[in-house]
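Asks:
Number of protein chains: 2
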Amino acid sequence: MAVIVHHLLHPPHCSSPLPAFSSSSRPLKSQISCSSSSSVQMDPHNNEGRTKFKAFPYVSAPHRNLMVDLVSTVENRLDSQLLPCTLPPDVQYYQNQSGTGSATLHIRSGHKPSQIDFILGSWIHCELPTGGALNITSLSAYLNPSTDAPNFLFELIQSSPTSLILILDLPPRKDLVLSPDYLRTFYEDTQLDKHRQTLEKIPEVRPYVSSSLYIRSLVSPTAITVRIETEASGQGRMEEVIKGHIDPIAKEVLEIWLDECACGEREVGETERGYLEKRDGLVKSRTIEIDLGSSLPRLFGPEVAERVLGSVREFFTA
Amino acid sequence: MAVIVHHLLHPPHCSSPLPAFSSSSRPLKSQISCSSSSSVQMDPHNNEGRTKFKAFPYVSAPHRNLMVDLVSTVENRLDSQLLPCTLPPDVQYYQNQSGTGSATLHIRSGHKPSQIDFILGSWIHCELPTGGALNITSLSAYLNPSTDAPNFLFELIQSSPTSLILILDLPPRKDLVLSPDYLRTFYEDTQLDKHRQTLEKIPEVRPYVSSSLYIRSLVSPTAITVRIETEASGQGRMEEVIKGHIDPIAKEVLEIWLDECACGEREVGETERGYLEKRDGLVKSRTIEIDLGSSLPRLFGPEVAERVLGSVREFFTA
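For the record, the sequence lines run as chains A and B. Going by our numbering, 32 is the number at position 32 of the first sequence; the sequence numbering is gapless. Going by our numbering, 1257 is the number at position 257 of the second sequence; the sequence numbering is gapless.
In structure tokens, the structure reads:
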């Protein structure tokens, strides 16, 4: 869900849209995967899209390494539960007409009886009319109504070498005010807030408030939504912040999500399931509407936008 | 709801609890009151408590004037819908044993068919062991399940002449993710966020994040939760900020609440009403538990705390 991106970039040339995920190369089974049901063979035709996605070009080495590590971690752990990416090649990788923008998109659905709805990753690169470039990389994961556990959301939006927005959260799937046990289980007992507090202490870190009230409502009370400005800190500082702070925190939050959410077992009754189906459906359709629907046409032109949106809608409105 | 206060003050001597509201002197009918049903005569025995409450001692003139104006505005508009304050005199005004802390509490319930559940105001003064004093003033309002419109919350927590926390919000009474129309009606169309943005631009203003995840979940996406630090800005700057910025914003937000929430008409079906009863009940009982239950005994000793809490519980668990 790069849903937030649309609101970041007021010069409207390069707001953005899509996160993505790789159906990448087979992982080393160095980590035990959770409740694997069957192993799905990768479609070899996806290799080109997958390779392009996993390249994470245009960003710094620490940024690229972090994305590759996160994608690999998810694949190591959940691969046996995920179907291959079935997006058409021209949706897995697409460009705008002028050649100033390119992007990848990878979506892998979970297959029954996995709790994964789908996992989605992307990178987007777009030259800015003011010089420089916008680079967005993201990884997000949606669970299905067989569990009520939170989703996963990670996004880095870099509009210059010294300016970065970080979104990292486990967005809740229930009204937290009505669900104190849920708040305790996923947000208090996991001590998620300590990561937000750690980042807050870095001098270059400022709060980032999305202009969308809907997005503000969607995220959890421990959401990390910050802007990092390193212009005054000298060359290389952004890389230091990514490597020394964002990298370990993102990995730790992903581990929490994998352990407690993707692989945790939750009891969901019939009424609850109906509620989750309704809420999840609203979240996904609203995500498309706010994010992709408005930003993709501006970035990539109406034709490419319609092609990509058409493919994405299959997952977001299923 | 001074619910947030408990989490503000890590030196645990003077965290705090109660907001309050005056059953004050009869207002000039300079403003048209909404759907008044009958005019309730004030109980003359409340005069002393009311007078003490409306004095707002210990705070600066701009701070006091703002509180008095807010209380008067609510009374002018809603008075005919409110029952007199029926709290015992030793709950309307109470002190700790050492005489270093004193507080007022005023609660007025709405009478049928008003949409008001109750309105609650308070001030608290507590000398700090480190020198100086903690002063908290607050005004909050809870609606009943005949409407689903947001509540009102305003609180100023001053722990030194140069340090102030401001909480100003219309806390929603529904899950905003599931209720896009509600989000639009009360938060987008009212342009509530512009006030948050205005305050954010003042150099002395910093974000304030409650340590309670529950409180973070409770407030709206346009909530103003900020800390104002004026130590570096010279004498009198805090008064300038209160008079020039907080005063007009608090009044404008209160007007929105009065027009759109307290006096607005909403259709609430039977199922919806049951939902609101459950959610409101949880919010109120949790508020008591997090806020008053833990801070009052430390501030005022177990005996006074039990007396005050006993009276407050009647409203918060009704």
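From the three backbone atoms N, C-alpha and C, an ideal C-beta is built for every residue, glycine too. Owing to the predicted nature of the structure, the values given are computational and were not obtained by experimental measurement.
(1) Determine whether the Cβ of residue 1222 (chain B) lies closer than 8 angstroms to any Cβ atom of chain A.
(2) Beta carbon of residue 147 (chain A), beta carbon of residue 95 (chain A): below 8 angstroms?
(3) Does residue 1189 (chain B) come out as helix, strand or coil in the three-state DSSP assignment?
(4) Between residue 1205 (chain B) and chain A, is any beta-carbon pair separated by less than 8 angstroms?
(5) Given residue 1177 (chain B), which residues of its chain have a CB within under 6 angstroms of its CB, disregarding the five upstream and five downstream residues?
(6) Would you kindly work out how many angstroms separate the C-alpha atoms of residue 1260 (chain B) and residue 1078 (chain B), rounded to a whole number?
(7) In whole angstroms, what separates the C-alpha of residue 1023 (chain B) from that of residue 1054 (chain B)?
(8) Closer than 9 angstroms by beta-carbon distance: list the chain B residues that pair up with residue 180 (chain A), in chain order.
(9) Looking at the unbroken alpha helix (DSSP H) that takes in residue 117 (chain A), where does it start and where does it end?
(10) Which residues in chain A sit within 7 angstroms of residue 1188 (chain B), going by Cβ to Cβ distance?
(11) Would you mind giving the Cβ-Cβ distance between residue 1221 (chain B) and residue 213 (chain A), rounded to the nearest angstrom? I have them listed as a contact below 8 angstroms.
(12) Hey, residue 1171 (chain B) and residue 1150 (chain B): beta-carbon distance below 8 angstroms or not?
(13) Out of curiosity, what's the CA-to-CA distance linking residue 159 (chain A) and residue 284 (chain A)?
(14) Just the C-alpha distance for residue 169 (chain A) and residue 286 (chain A), rounded to the nearest angstrom, thanks.
(15) Roughly how many angstroms lie between the CA atoms of residue 180 (chain A) and residue 1118 (chain B), to the nearest whole one?
(16) Residues of the segment 1258-1279 of chain B with a CB closer than 8 angstroms to any CB of chain A: list them in chain order, please.
(17) Assuming residue 109 (chain A) and residue 83 (chain A) are in contact, meaning their beta carbons sit under 8 angstroms apart, how far apart are those beta carbons, in whole angstroms?
(18) Looking at the strands, I want to know which residues DSSP matches up with residue 1169 (chain B).
(19) Touching or not, the segment 1223-1230 of chain B and the segment 1189-1207 of chain B, by the rule of three or more beta carbon pairs under 8 angstroms?
(20) Can you tell me the Cα-Cα spacing of residue 1165 (chain B) and residue 1104 (chain B), whole angstroms?
(21) With a threshold of 8 angstroms between beta-carbons, can residue 253 (chain A) be considered close to chain B, or not?
(22) With a cut-off of 8 angstroms, does the C-beta of residue 1226 (chain B) fall near any C-beta of chain A?
(23) Is it buried or exposed, residue 1211 (chain B), if we count other Cβ atoms within 10 angstroms and call 16 or more buried?
(24) Count the C-beta pairs between the segment 1264-1277 of chain B and the segment 1241-1248 of chain B that are closer than 8 angstroms, then say yes if the count reaches three, no if not.
(25) Since residue 1311 (chain B) contacts residue 1087 (chain B) with CB under 8 angstroms, what's their CB separation in whole angstroms?
(26) From residue 1290 (chain B) to residue 1186 (chain B), what does the alpha carbon distance come to, in whole angstroms?
(27) Could you check which residue in B:1195, B:1098 and B:1217 has the C-alpha nearest to that of residue 1129 (chain B)?
(28) Please state whether DSSP places residue 1030 (chain B) in a helix, a strand or coil.
(29) Is there at least one Cβ from chain B nearer than 8 angstroms to residue 175 (chain A)'s Cβ?
(30) Could you say which of A:174, A:209, A:175 and A:225 lies nearest to residue 197 (chain A) if we only look at CA atoms?
(31) Report buried or exposed for residue 305 (chain A), applying the criterion of at least 16 other Cβ atoms within 10 angstroms of its Cβ.
(32) Please check the pair residue 262 (chain A) and residue 143 (chain A), which I expect to be a contact at CB under 8 angstroms, by giving their CB distance rounded to whole angstroms.
(33) For the beta strand (DSSP E) containing residue 1135 (chain B), list its first residue and its last residue.
(34) Along chain B, which residues have their Cβ under 7 angstroms away from the Cβ of residue 217 (chain A)?
(35) Taking just the CA atoms, how far does residue 277 (chain A) sit from residue 92 (chain A)?
(36) Per DSSP, what kind of secondary structure is residue 106 (chain A) in: helix, strand or coil?
Replies: Reading it off the structure:
(1) yes
(2) no
(3) coil
(4) no
(5) none
(6) 13 angstroms
(7) A caution first: residue 1023 (chain B) carries a pLDDT of 34, below 50, which makes its placement in the model unreliable, though a value can still be read off. Near 9 angstroms, if we compare the C-alpha coordinates of residue 1054 (chain B) and residue 1023 (chain B).
(8) 1214, 1282 and 1286
(9) Taken as a continuous stretch (DSSP letters only), residue 117 (chain A) belongs to no alpha helix (DSSP H), being part of the beta strand (DSSP E) at 116-127.
(10) 213
(11) 4 angstroms
(12) yes
(13) 26 angstroms
(14) 18 angstroms
(15) 24 angstroms
(16) 1278 and 1279
(17) 5 angstroms
(18) B:1153
(19) yes
(20) 20 angstroms
(21) no
(22) no
(23) exposed
(24) no
(25) 5 angstroms
(26) 27 angstroms
(27) B:1098
(28) For residue 1030 (chain B), the predicted structure reports a pLDDT of 37, less than 50, and the residue's modelled location is therefore unreliable. The matter cannot be settled from this model.
(29) yes
(30) A:225
(31) buried
(32) 7 angstroms
(33) 1133-1143
(34) 1176, 1177, 1183 and 1221
(35) 27 angstroms
(36) strand
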